[in-house]
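Structure first, then comments.
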Amino acid sequence: MTAPVTAASVALDGAVTTAPPAEAEAFIPSRGFWGHVGHRLVRDPVAMAAGAVILLIIAVAILSPWITPMDPYKGSMLRRLRPIGDATYWLGSDELGRDMLSRLMVGARLSLFMGVTPVLIAFAIGSAIGILAGYVGGWTNTILMRTIDVFFAFPSVLLAIALSGALGAGIFNAIVSLTCVFVPQIARVAESVTTGIRRRDYIDAAKLSGASALTIMRVQVLGNVVGPIFVYATSLISVSMILASGLSFLGLGVRPPEPEWGLMLNTLRTAIYVNPMVAALPGLAIFIVSISFNLFSDGLRTAMEIRQ
Amino acid sequence: MSETPAVELGDLKVGFGKIRVVDGVDLTLERGQAMALIGESGSGKSVTLRAILRLFPEGRSRITGTLKVAGRDVLALSKRELADFRGRTVSMIFQEPLLAFDPVYTVGQQITEAILRHEKVSKAEARKRALALFERVRIPSPERRLDNYPHEMSGGMRQRAMIALALACRPQVLLADEPTTALDATVQIQILLLLRELQRDLGLSIILVTHDLGAAVEVADRISVMYAGHVVETGSAHQIVRDPHHPYTIGLLRSRAEGAMDKGARLQTIPGSPPDLSNRPPGCPFAPRCFLAAERCRQEMPPVAEIAPGHRVACWRTEEAAAAFRAGEAAHEAVPA
Amino acid sequence: MSVSPLIQTDLDPRDRGGPAQPLLSVSGLIKHFPVRKGLGGQKQVVRAVDGVDFETLKGETLGIVGESGCGKSTTAKLLMGLIERDSGEMLFDGEPVGGRALPWRAYRRQVQMVFQDSYASLNPRMTVEASIAFGPKVNGVPGRQAVERARGLLARVGLEPKRFAGRYPHELSGGQRQRVNIARALALEPRLVLLDEAVSALDKSVEAQVLNLLLDLKAEFGLTYIFISHDLNVVRFISDRVMVMYLGRVSEIGPSDAVLAEPAHPYTGALLHSMPSLDPDNRTQVALLAGDPPNPIDPPPGCRFNPRCKLVAPVCSSIEPPLDPVAPAHRAACLARQPGSGHPDAPAALAAA
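Residue numbers (the numbering used here), protein chains in the order written: chain S, 105 to 412; chain U, 164 to 500; chain A, 4 to 356.
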């Protein structure tokens with residue numbers, strides 16, 4: 105026992121159990137989970153560009169009453185369907201001679217509202233259903249998820265149209281019907297994410313500490329599932345915008361003369377042969393916003409994949 | 164031809180991005196020899212093994228140094244030559260056999276396919292060879308087992324089937340990456356014995372990567388101990404286990420639970436954890452955890468010295484280390500059973 | 004900085020039956036899982052745990068060894084109540100677990116578990132400190148105090164709280180995470196800690212550090228351990244007594260020195276023989292067992308080990324051997340060791356008489 109090796113390692117052992125000097129990598133202050141995600145997100149140029157586009161459009165929508173170059177409601181029979189690049193109407197004018205740029209700017213308000221609101225409501229309701237079904241499992245899961253499956257039997261466009269048709273036209277009803285379309289989709293994602301989390305050892309460990317199911321769901325499950333569900337929900341915003349436009353296009357959503365991109369696309373379709381570029385503008389706006397939301401949620405998902 | 168070593172690595176370096184995982188490895192595996200590479204996670208043992216087959220994506224990895232298998236320069240092989248080289252000259256088995264097999268084909272189909280891809284033989288001939296391979300790796304009722312899908316086999320049998328697949332084209336060198344880690348003890352020993360038998364009967368050269376010194380001793384003639392991308396000690400199994408000269412090897416031997424002097428006494432441990440490979444300190448990479456580290460160890464990288472025929476150590480203080488080990492062993496003997 | 008040990012080794016206020024009463028005693032524990040083979044195939048039953056009896060004495064470490072399918076992990080989950088037992092009785096310090104005197108909630112405060120996968124057993128979105136403090140908090144310890152306790156435990160398991168408390172699991176190494184898991188298990192001041200392959204995934208040198216830590220903590224807090232592992236060397240090192248399981252049953256139990264030096268059951272012998280030798284001059288020549296451990300669906304009649312046993316006799320496939328004493332405190336379920344069993348190798352009956 106007099107060997108130097110023994111003495112040395114015992115001494116070092118003592119060090120290990122109290123404050124191990126050798127576990128000393130340089131001290132990195134922890135950023136926390138969302139700190140890491142943010143850090144990674146800002147290094148993703150595509151997601152950042154998409155985010156910038158979204159922010160810009162939101163800013164324009166909010167400020168539109170003050171910054172539109174012309175009155176979006178005031179038309180002129182003489183100056184209908186001006187082309188893009190016109191001296192007065194930079195982005196041309198519509199079939200009633202109203203300024204396209206101004207209408208697109210103001211239209212962003214309703215279009216974004218119709219895109220985001222149903223998803224937000226569905227996010228709250230769908231997550232609650234999905235997390236409950238996923239965490240409790242068993243019969244609760246079977247009943248909830250099979251009911252949800254019924255909604256999946258219909259294509260989402262048809263479902264939205266049918267519901268809107270039944271409820272009657274109008275913004276509020278359109279939002280209700282879109283929410284109904286998204287709840288099952290979000291619930292299903294929430295359920296599968298939660299089911300995956302439920303089997304992790306740390307949930308078992310939490311049960312062993314005597315925590316109630318509600319506490320475990322709130323403290324241990326929620327933080328781990330909200331992220332992935334949120335990412336999925338962001339990707340639905342673009343779908344929601346397109347569906348909302350579709351409803352307006354069919355006359356089930358926003359009513360004229362209110363500017364909304366889907367409705368504008370609808371009314372301008374008569375001018376598709378006269379001035380196709382102008383007629384396509386609302387479609388382009390929908391496209392840009394949807395793809396921006398999609399790219400941003402893609403980036404967010406990648407940034408959230410933090411492995412050990 | 165017969166005199167060239169089976170595998171020859173000289174100053175082999177493998178890097179991914181800014182991190183150099185293997186940092187100058189020299190190893191020679193003679194024909195018909197079995198060598199074990201041991202070390203802990205992050206020591207670079209698996210990466211060294213995979214580098215021999217050039218299994219890393221070209222763009223994201225950098226391999227430099229000498230890398231010769233059976234006299235051929237692996238780094239100079241073209242894509243097509245490489246495809247032929249894998250499987251025919253060198254093949255590999257893994258910890259998880261399910262990854263080596265395609266789940267939608269039977270095991271027999273996959274072995275037959277491997278033979279047909281490399282050699283011009285009839286299908287019946289290939290099937291006959293697959294059957295012979297199954298007998299060779301001692302799979303019971305081989306005829307019936309050839310028609311099994313991978314998931315229909317038990318863990319140990321899958322491992323044997325993977326060895327049969329690896330041997331399909333009569334390679335000269337078999338690389339084994341932790342082949343028994345996921346197996347139960349009674350199955351592990353069967354696979355280790357099988358590897359030894361194949362080495363003896365087929366004249367196969369084997370490199371076994373493992374974190375388990377016991378498994379290494381069961382199979383290997385020679386053992387190389389890796390730490391932080393370096394081979395710190397290499398020698399015969401006997402030299403490494405009975406007469407280690409590197410403090411890390413000594414630490415590994417000492418920290419094993421069966422080496423405990425008596426029950427309930429504390430184990431001797433290697434304090435701390437392995438170094439951060441992206442930020443290597445100068446000098447010996449083991450110095451921060453070494454019980455013998457002196458000022459010089461922290462400043463200068465120790466050269467590799469041959470302290471006995473075939474026994475090479477990279478350490479400034481080999482004599483002190485060996486003396487410490489012997490003293491410890493003597494103390495161990497003195498403890499009444 | 005240090006946690007004041009509420010548990011005093013000699014005078015634990017929670018101790019009821021005195022030192023001679025086993026801390027946990029389990030009898031007739033059974034858990035079967037129904038499975039269906041193929042589409043519309045007949046129902047079968049996996050006999051994961053099929054009549055297990057054992058006792059854990061106060062202050063000891065009981066090692067449980069066995070291979071995949073032997074039921075050691077299922078036993079752990081049953082002991083923790085993570086899955087429900089089909090039948091069997093569990094007494095904790097003399098009280099039936101789940102009974103009126105000792106409901107599950109009260110039992111769990113005294114029994115905690117450390118899992119094998121150090122990453123999966125920590126919530127990736129919670130700081131290390133929050134994970135440890137969670138248990139005390141849900142048991143009514145005020146937030147500040149729970150965090151204090153977490154920091155004290157972190158220091159105790161060798162992770163300086165200033166540097167580690169605010170970190171997330173992915174910012175730690177495997178060994179560090181397992182130290183956190185141990186700290187979390189201790190946060191409720193348990194009397195019994197179940198370690199399910201808790202060091203198996205660690206590198207050898209880290210494993211040694213964690214084993215030392217476990218020894219220290221046991222002495223400091225007066226703990227009792229149930230240590231499940233497939234590594235006989237580790238079990239030999241840490242355990243006072245060893246229980247060997249095979250296909251859902253106990254095949255041998257006794258003092259670890261006796262069981263691992265002179266195994267009474269042929270399966271224990273085969274397991275020991277399978278350990279790599281570490282002696283280059285004396286390598287293993289033959290494997291005592293061929294093939295894989297069998298599946299616990301349809302175990303063979305009689306002794307479950309009989310199809311692979313080198314001592315097998317006709318009687319082995321008709322009588323299920325009871326777990327009977329072969330030496331003081333050492334019991335084995337092997338007919339060849341039991342006088343009058345009808346096995347040709349059985350010792351003469353007068354030895355017992």
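Beta carbons: idealized from backbone N, C-alpha and C, even for Gly.
Between residue i and residue j, is the Cβ-Cβ spacing less than 8 Å?
| i | j | result |
| --- | --- | --- |
| V404 of chain U | A169 of chain U | no |
| S260 of chain S | S281 of chain S | no |
| T275 of chain U | R290 of chain U | yes |
| G319 of chain U | D295 of chain A | yes |
| I326 of chain U | V300 of chain U | yes |
| L338 of chain A | A351 of chain A | no |
| H408 of chain U | T481 of chain U | yes |
| T227 of chain A | T78 of chain A | no |
| Q115 of chain A | L312 of chain S | yes |
| A391 of chain U | P438 of chain U | yes |
| L26 of chain A | K61 of chain A | yes |
| M218 of chain S | G357 of chain S | yes |
| R256 of chain U | A339 of chain U | The amino acid at residue 256 of chain U is misidentified as Arg; the sequence shows Ile. A contact, by the Cβ cut-off of 8 Å. |
| S121 of chain A | G177 of chain A | yes |
If you draw a straight line from the alpha carbon of residue i to that of residue j, how long is it in whole angstroms?
| i | j | result |
| --- | --- | --- |
| T338 of chain S | T319 of chain S | 27 Å |
| E341 of chain U | G228 of chain U | 25 Å |
| A163 of chain S | R250 of chain S | 42 Å |
| P310 of chain A | L198 of chain A | 32 Å |
| G155 of chain S | H140 of chain S | 18 Å |
| S349 of chain S | M152 of chain S | 26 Å |
| S208 of chain A | V318 of chain A | 47 Å |
| S394 of chain S | V343 of chain S | 7 Å |
| D406 of chain U | A477 of chain U | 15 Å |
| L372 of chain S | M381 of chain S | 11 Å |
| E151 of chain A | R170 of chain A | 16 Å |
| S321 of chain A | S76 of chain A | 28 Å |
| D174 of chain U | S209 of chain U | 16 Å |
| V196 of chain A | G20 of chain A | 19 Å |
| L262 of chain S | A226 of chain S | 18 Å |
| Q362 of chain U | A197 of chain U | 7 Å |
| F397 of chain S | L160 of chain S | 13 Å |
| E298 of chain U | P305 of chain U | 6 Å |
| Y198 of chain S | R302 of chain S | Looking at the sequence shown, residue 198 of chain S is not Tyr but Asp. Roughly 55 Å separates the two Cα atoms. |
Leaving aside the five residues before and after residue i along the sequence, list all residues of the same chain whose C-beta is less than 8 Å from its C-beta, in chain order.
| i | result |
| --- | --- |
| L216 of chain A | V160, G161, R182 and I185 |
| D206 of chain A | G177 and G178 |
| F240 of chain A | L214 |
Kindly indicate which three-state DSSP category residue i falls into: helix, strand or coil?
| i | result |
| --- | --- |
| A276 of chain A | It should be pointed out that residue 276 of chain A corresponds to His in this sequence rather than to Ala. Three-state DSSP puts H276 of chain A in a helix. |
| Q115 of chain A | strand |
| G228 of chain U | strand |
| A197 of chain U | strand |
| A212 of chain S | helix |
| F257 of chain U | coil |
Who are the Cβ neighbours of residue i in its own chain at under 7 Å, not counting the five residues just before and after it?
| i | result |
| --- | --- |
| R249 of chain U | L216 |
| R50 of chain A | H35, G251, P299 and P302 |
| R452 of chain U | I433, P434 and G435 |
| P347 of chain A | A316 |
Leaving aside the five residues before and after residue i along the sequence, list all residues of the same chain whose C-beta is less than 6 Å from its C-beta, in chain order.
| i | result |
| --- | --- |
| R225 of chain U | G178 |
| S254 of chain A | V247, H268, Y270 and A336 |
| A485 of chain U | H408 |
| H333 of chain A | G257 and A261 |
Check your understanding: Considering only residues of the segment 329 to 398 of chain U, which uninterrupted beta strand (DSSP E) runs meet the minimum length of 3 residues and lie entirely inside it, listed in chain order?
Key -> 336 to 340, 368 to 373 and 385 to 390
- prompt: In chain order, which continuous runs of the alpha helix (DSSP H) of length 4 or greater are located wholly inside the segment 160 to 202 of chain A?
  reply: 164 to 167 and 177 to 189
Review point. What residue ranges within the segment 55 to 131 of chain A form continuous alpha helix (DSSP H) runs of no fewer than 4 residues, ordered along the chain?
Key: 75 to 83 and 107 to 113
Taking only runs of the alpha helix (DSSP H) that begin and end inside the segment 443 to 500 of chain U, which ones reach a length of at least 4 residues, in chain order?
-> 458 to 462 and 481 to 497
- Message: Just to confirm the assignment: which complete beta strand (DSSP E) runs, minimum length 3, are found wholly within the segment 207 to 255 of chain U?
- Response: 224 to 232
- Go through the segment 243 to 314 of chain S residue by residue and report every complete run of the alpha helix (DSSP H) that reaches 4 residues or more, in order. 260 to 271, 275 to 302 and 305 to 312
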